[in-house]
Structure formats: C-alpha cells, structure tokens
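Reading through the structure tokens given below for one structure.
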Amino acid sequence: LVAADSKIPFAEHTAPDGQIYAEVEPDMDYYISLSTDVGGVMMKYSVDGVDLGYHTMYNLPSSRKKYQGSWERRDGKETMIALHFNKTRQAQGVAPDMLTGK
C-alpha cells in the first residue's frame with residue numbers, strides 16, 4: 003500500500019500468524035502498488051476481503067509499478083481513484099492487538 007499523494011509505501015508489520023499489515027492513519031487515501039517479475043499472472047484486487055470487482059493481466063514481466071485503486075467505467079470512460087482508509091477492522095469481543103488492530 004502506498005500513499006495516494008506521494009506514492010511512498012506505508013510501513014508494514016508481520017503478525018504472528020504470518021499476515022502482513024500496513025501501518026496507515028485513518029482518513030488517508032491510498033493505492034495498491036504492484037509489479038511482477040514473471041508473466042502469465044492475473045492480479046485480483048480486494049480490500050479486507052471485499053472484491054474490488056476488477057483484475058489485471060500480466061502476460062509479460064513488468065518491473066514498472068502500477069497503482070490500483072477504485073476502478074470504474076462510465077459512458078465509455080475509465081477512471082481510477084484512490085481508496086480511502088477509514089478505520090481499523092476489529093473483531094467484536096476481542097481486545098485489539100497493538101500491532102495488528104485485530
């Protein structure tokens with residue numbers, strides 16, 4: 003994840019279960035940043051388990067960064083806008099961990 007305005011990556015932390023979490027402040031706009039060193043790859047995008055409804059195909063390797071957000075096509079015109087971070091996701095009845103917000 004990168005800041006929408008600067009494209010600087012957010013700090014990442016690995017939880018004991020192996021999941022990686024980004025350190026993001028509420029009310030930040032962000033993009034998903036990606037590239038691949040192999041071809042024949044399809045990237046599907048989801049945030050907190052919610053499918054964003056589109057994917058990208060990489061037939062060849064691409065080291066150039068691609069920034070993905072909320073994509074839509076309206077009247078034949080495609081737009082990509084930044085995603086917006088509102089608050090951490092927490093399970094009910096569980097005290098949140100300081101690192102992961104879980």
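The working numbering puts the first residue of the sequence shown at 3, with every later residue one more than the last.
Ideal Cβ positions, reconstructed from N, Cα and C, are used throughout, including at glycine.
Could you compute how far the alpha carbon of residue i sits from the alpha carbon of residue j?
i, j, result
"ASP50", "SER37", "21 Å"
"THR81", "LYS68", "14 Å"
"THR58", "GLN70", "9 Å"
"MET30", "SER8", "12 Å"
"LEU3", "SER65", "16 Å"
"GLY55", "LEU85", "14 Å"
"MET44", "ALA5", "24 Å"
"HIS15", "GLU27", "14 Å"
"ASP77", "GLN21", "39 Å"
"ASP19", "ILE10", "26 Å"
"ARG75", "VAL52", "19 Å"
Closest to residue i by CA distance: which of the options is it?
i, options, result
"SER48", "ILE34, GLU14, ALA13", "ILE34"
"PRO63", "ILE83, GLY71, GLY41", "GLY41"
"ILE83", "TYR56, SER72, ASP77", "SER72"
"TYR60", "ASP39, ILE10, GLY20", "ASP39"
Could you give the first and the last residue of the continuous beta strand (DSSP E) run that contains residue i?
i, result
"ALA24", "22–24"
If I'm right that residue i touches residue j with Cβ under 8 Å, what's the distance once you round it to whole angstroms?
i, j, result
"PHE87", "TYR32", "6 Å"
"ALA17", "GLU25", "Their Cβ separation, rounded to whole angstroms, is 12 Å, which puts ALA17 and GLU25 out of contact at 8 Å."
With a 10 Å radius around its C-beta and 16 neighbouring C-beta atoms as the bar for buried, classify residue i as buried or exposed.
i, result
"LYS46", "exposed"
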